[in-house]
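Residue numbers for the sequence shown follow full-length UniProt numbering, beginning at 1 and rising by one. All C-beta atoms, glycine included, are put in the ideal place defined by N, C-alpha and C. Owing to the predicted nature of the structure, the values given are computational and were not obtained by experimental measurement. First comes the structure, then the notes that go with it.
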Amino acid sequence: MEPELSLTALLKAITALTATVGSLQDQIKSQSQELIQLKAICKETADLLGNKDQGGAQTQPGPSTGPITPPTQTGGEAHSPATVRPGLKAPFRPSRGTGYNSEEEEDRQAPKREPCDTPRQGLSSLTPFDSGSSVKQPKMELPDPYKGDTRGHKATQWLDRMLLWVALHRDQFDEEEQMVVWILYHMTNKAADWALPLIGAIIKGKGNPPTTIPALMAKFKEAFADPDTKRAAARKIAALTQTTTTSEYVTEFQNLMAELDWNTEAYIAQFTRGLHWKVKELLSTKDNIPNKLEAIFAASIKIDNTRWRTRRTGQKRHPPSPRSPRPLPQPPPNGFAYWRTQITSPGRKGLPPHIRAVR
Numbered sequence: 001m002e003p004e005l006s007l008t009a010l011l012k013a014i015t016a017l018t019a020t021v022g023s024l025q026d027q028i029k030s031q032s033q034e035l036i037q038l039k040a041i042c043k044e045t046a047d048l049l050g051n052k053d054q055g056g057a058q059t060q061p062g063p064s065t066g067p068i069t070p071p072t073q074t075g076g077e078a079h080s081p082a083t084v085r086p087g088l089k090a091p092f093r094p095s096r097g098t099g100y101n102s103e104e105e106e107d108r109q110a111p112k113r114e115p116c117d118t119p120r121q122g123l124s125s126l127t128p129f130d131s132g133s134s135v136k137q138p139k140m141e142l143p144d145p146y147k148g149d150t151r152g153h154k155a156t157q158w159l160d161r162m163l164l165w166v167a168l169h170r171d172q173f174d175e176e177e178q179m180v181v182w183i184l185y186h187m188t189n190k191a192a193d194w195a196l197p198l199i200g201a202i203i204k205g206k207g208n209p210p211t212t213i214p215a216l217m218a219k220f221k222e223a224f225a226d227p228d229t230k231r232a233a234a235r236k237i238a239a240l241t242q243t244t245t246t247s248e249y250v251t252e253f254q255n256l257m258a259e260l261d262w263n264t265e266a267y268i269a270q271f272t273r274g275l276h277w278k279v280k281e282l283l284s285t286k287d288n289i290p291n292k293l294e295a296i297f298a299a300s301i302k303i304d305n306t307r308w309r310t311r312r313t314g315q316k317r318h319p320p321s322p323r324s325p326r327p328l329p330q331p332p333p334n335g336f337a338y339w340r341t342q343i344t345s346p347g348r349k350g351l352p353p354h355i356r357a358v359r
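Structure, rendered in structure tokens:
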């Protein structure tokens with residue numbers, strides 16, 4: 001006969017069984033959530049395939065790794081994210097964004113993840129909208145993919161638009177690294193030949209690929225910025241002087257700054273060199289001369305506006321005196337008879353000056 005179990009042993013066995021059951025319940029809940037997400041992905045994939053069969057936008061196959069470009073009204077690539085990409089801490093699925101205006105489509109999206117505590121390197125400062133705010137965010141269509149055919153200013157403009165789109169949809173990304181991969185994946189043709197090796201290096205964790213937005217900007221400008229544009233901008237900013245208002249001068253100066261990578265001291269020296277002499281003189285007499293570039297811009301504009309306002313006020317208080325009209329010449333005595341007599345009189349060698357003028 002088997003020995004009888006003691007009460008203590010039974011309690012231990014029940015406790016262990018309860019813990020096992022609780023662990024199994026947690027696993028069931030976790031698997032249920034994964035099944036719900038998988039169903040949502042499958043449903044979205046079926047919707048995309050249905051839209052394609054009905055004559056939707058044709059898509060081009062992209063790489064097997066990296067972020068997935070959502071379909072938009074203006075074009076772009078569309079693929080369904082169904083796998084976890086190695087090298088990234090979590091799979092990410094940016095929603096369809098602004099390409100879909102239907103409320104029905106928005107209801108079918110998976111619930112948005114809460115943004116993590118990873119710093120965004122200043123991207124959040126681009127827009128005043130918070131992910132938990134009730135303020136309606138502006139809609140922005142995803143820019144068309146960059147093909148690499150154009151370089152210089154147009155290439156940097158495309159990157160600026162992509163950065164703005166990412167800033168408006170930053171709550172759809174868990175990490176800044178995912179933003180970088182997303183932007184790189186949104187390149188085709190010649191640009192894709194440059195971007196795909198970087199995506200592979202980021203996923204594999206090898207080499208020194210850009211994993212932050214500032215690093216991506218530097219890498220992109222190194223590859224697609226026009227060096228001749230930078231040299232031309234340096235020549236223009238060196239020859240730039242204020243010929244109109246300070247506000248217009250600041251605008252032209254900032255436009256050229258976007259093409260250069262000088263330090264702050266060089267910008268300040270060049271800006272003050274091209275200022276109008278009167279604005280420069282008044283700026284130098286301030287009690288607290290600003291030492292930051294933006295503060296110098298603001299102070300110069302304020303001085304110039306005050307100078308013009310004072311000049312206009314003085315002209316209104318002391319208008320210039322009108323010039324008195326010159327008196328008309330008096331007509332000769334006896335009118336036309338005198339003129340006729342003078343003209344027809346014989347023996348005169350000349351005519352009076354006023355008669356010559358009339359004749």
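Item, Value
"Within the same chain, show all residues whose beta-carbon is closer than 6 Å to that of residue 183, passing over the 5 residues directly before and after it, in chain order.", "162"
"From the DSSP output, read off the bridge partner residues of residue 146.", "187"
"Under the three-state reduction of DSSP, which class applies to residue 177: helix, strand or coil?", "helix"
"I'd like the span of the alpha helix (DSSP H) that includes residue 237, first residue to last.", "227 to 239"
"Judging by CA-CA distance, which residue of 280, 219, 264 is the nearest neighbour of residue 241?", "280"
"Taking residue 245 as the reference, give the member of 237, 210, 300 with the closest Cα.", "300"
"Got a sec, what are the start and stop residues for the alpha helix (DSSP H) residue 158 sits in?", "153 to 168"
"For residue 397, tell me which candidate among 264, 314, 260, 204 has the shortest Cα-Cα distance.", "Nothing about residue 397 can be reported from this structure: the residues present for the chain run from 1 to 359 only."
"If we count Cβ pairs, one from each stretch, closer than 8 Å, do we get three or more for the region 188 to 197 versus the region 138 to 147?", "yes"
"Work out the CA separation of residue 202 and residue 226 for me, nearest whole Å.", "26 Å"
"With residue 172 as the anchor, note down where its alpha helix (DSSP H) starts and where it stops.", "Here residue 172 belongs to no alpha helix (DSSP H), and DSSP marks it neither H nor E."
"How would you label residue 259, buried or exposed, when you count the other beta carbons within 10 angstroms and need 16 or more for buried?", "buried"
"Which residues in the same chain as residue 278 place their Cβ atom closer than 8 Å to its Cβ, once the five residues preceding and following it in sequence are excluded?", "307"
"Taking 7 Å as the limit between beta carbons, can you name the residues of its chain near residue 10, skipping five residues before and five after?", "none"
"Does the beta-carbon of residue 16 have 16 or more other beta-carbons within 10 angstroms, so that it is buried, or is it exposed?", "exposed"
"Starting from residue 216, trace the alpha helix (DSSP H) both ways and give me its first and last residue.", "213 to 224"
"Looking at C-alpha atoms only, which residue of 152, 171, 267 is the closest neighbour of residue 232?", "152"
"Name the two residues that bound the continuous alpha helix (DSSP H) containing residue 255.", "246 to 257"
"Could you tell me how far apart the beta carbons of residue 267 and residue 293 are, in whole angstroms, since I believe they sit closer than 8 Å?", "5 Å"
"Does DSSP put residue 34 in a helix, in a strand, or in coil?", "helix"
"Tell me where the alpha helix (DSSP H) around residue 274 begins and ends.", "264 to 274"
"Whole angstroms is fine: what's the gap from residue 238's alpha carbon to residue 271's?", "9 Å"
"Is the distance from the Cβ of residue 220 to the Cβ of residue 164 below 8 Å?", "no"
"From residue 229 to residue 256, what distance separates their C-alpha atoms?", "10 Å"
"Quick check on DSSP: helix, strand or coil for residue 207?", "coil"
"Between the alpha carbons of residue 176 and residue 216, how many angstroms are there, rounded?", "11 Å"
"Locate the alpha helix (DSSP H) running through residue 282, then write down its first and last residues.", "277 to 284"
"Where residue 95 and residue 210 are concerned, what is the direct C-alpha to C-alpha distance, given to the nearest angstrom?", "Residue confidence is low: residue 95 scores 45 on pLDDT, short of 50, so the model does not pin down where it sits. Its coordinate-derived value is still stated next. Their backbone Cα atoms lie some 24 Å apart in a straight line."
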